[in-house]
Each structure stands twice: as C-alpha cells, then as structure tokens.
Amino acid sequence: MKSMMTKDDVRAARVKLGQMWKPGGGPLTAQELVRALGLSEDHGTDHVYNMEKGKSAVSGTIEMLLRIYLTGGVPPDDVVIFKDTQKRPR
1434 MKSMMTKDDV
1444 RAARVKLGQM
1454 WKPGGGPLTA
1464 QELVRALGLS
1474 EDHGTDHVYN
1484 MEKGKSAVSG
1494 TIEMLLRIYL
1504 TGGVPPDDVV
1514 IFKDTQKRPR
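Pasting the structure below:
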C-alpha cells in the first residue's frame, strides 16, 4: 500500500505537533520528531528531511504514528522529545 501522506503533510505535522507539545508552540525540530518517531538519532534527521523533500517515501509506520500523534496521542513516557541543550560558551 502506498503512503497517503505527502512531504507537505510531514512538514505540517512538525508545525502542528510543536503547537501541541512544545512550550511556546514552535515547530518541532527534525531531531525532536526523530525522537518522537523512534528513529535512529544517527540518521533520522536525514530521513525526516528527505521525507519533507519528497526524496524518501513516508513509511506506513511513520504515517500511522504521525496520525496517532496528530489526534492527541503522545509518545511513551520513556521517549525524551525535548532534551536540555548545553549553551555554547561565548
């Protein structure tokens, strides 16, 4: 079965999930989406960007997770979406 979710849908999902989940409501970063989807942190951001550019298909599993999240589902408690980042020294 071919994915029904388009590259524009993936971009829109990052924006909508950020509004739903993030303090301040900014779009999820690609890395935050990677964590929420359970993708490899080594290559996941490349995959997210490739889906958003139409270079990679949106798998059925990713599409299903995004649809669940967009209707109010949340990642499991042990999934860290927002990591504290160290401030760069000046």
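The letter at position 16 of the sequence shown is residue 1449 when you use my numbering, and the numbering goes up by one with no holes.
From the three backbone atoms N, C-alpha and C, an ideal C-beta is built for every residue, glycine too.
These figures come from a predicted structure and were not determined experimentally.
Sequence-distant residues of the same chain with beta carbon closer than 7 Å to residue i, five excluded per side
{"i": "G1458", "result": "G1451 and Q1452"}
{"i": "I1495", "result": "L1470"}
{"i": "Y1482", "result": "A1463"}
{"i": "S1489", "result": "H1480 and N1483"}
{"i": "V1467", "result": "E1474, G1477, T1478 and V1481"}
Residue environment, residue i, which counts as buried when at least 16 other CB atoms sit within 10 Å
{"i": "V1443", "result": "buried"}
{"i": "V1507", "result": "exposed"}
{"i": "V1528", "result": "With the chain represented from 1434 up to 1523, any question about residue 1528 goes unanswered, as that position is not in the structure."}
Alpha-carbon to alpha-carbon, residue j and residue i
{"i": "D1511", "j": "E1474", "result": "15 Å"}
{"i": "T1478", "j": "I1501", "result": "20 Å"}
{"i": "A1446", "j": "L1503", "result": "7 Å"}
{"i": "K1455", "j": "T1439", "result": "23 Å"}
{"i": "F1515", "j": "M1497", "result": "22 Å"}
{"i": "K1449", "j": "E1485", "result": "15 Å"}
Sequence-distant residues of its chain with Cβ nearer than 6 Å to residue i (five each side left out)
{"i": "G1487", "result": "K1440"}
DSSP three-state assignment for residue i, whether helix, strand or coil
{"i": "G1451", "result": "helix"}
{"i": "D1511", "result": "coil"}
{"i": "L1503", "result": "helix"}
> Taking the runs of the alpha helix (DSSP H) that are 4 residues or longer, which of them lie wholly in the segment 1467-1497?
Replying inline: If one requires a minimum length of 4 residues, the alpha helix (DSSP H) runs lying completely within the segment 1467-1497 are 1477-1486, in chain order.
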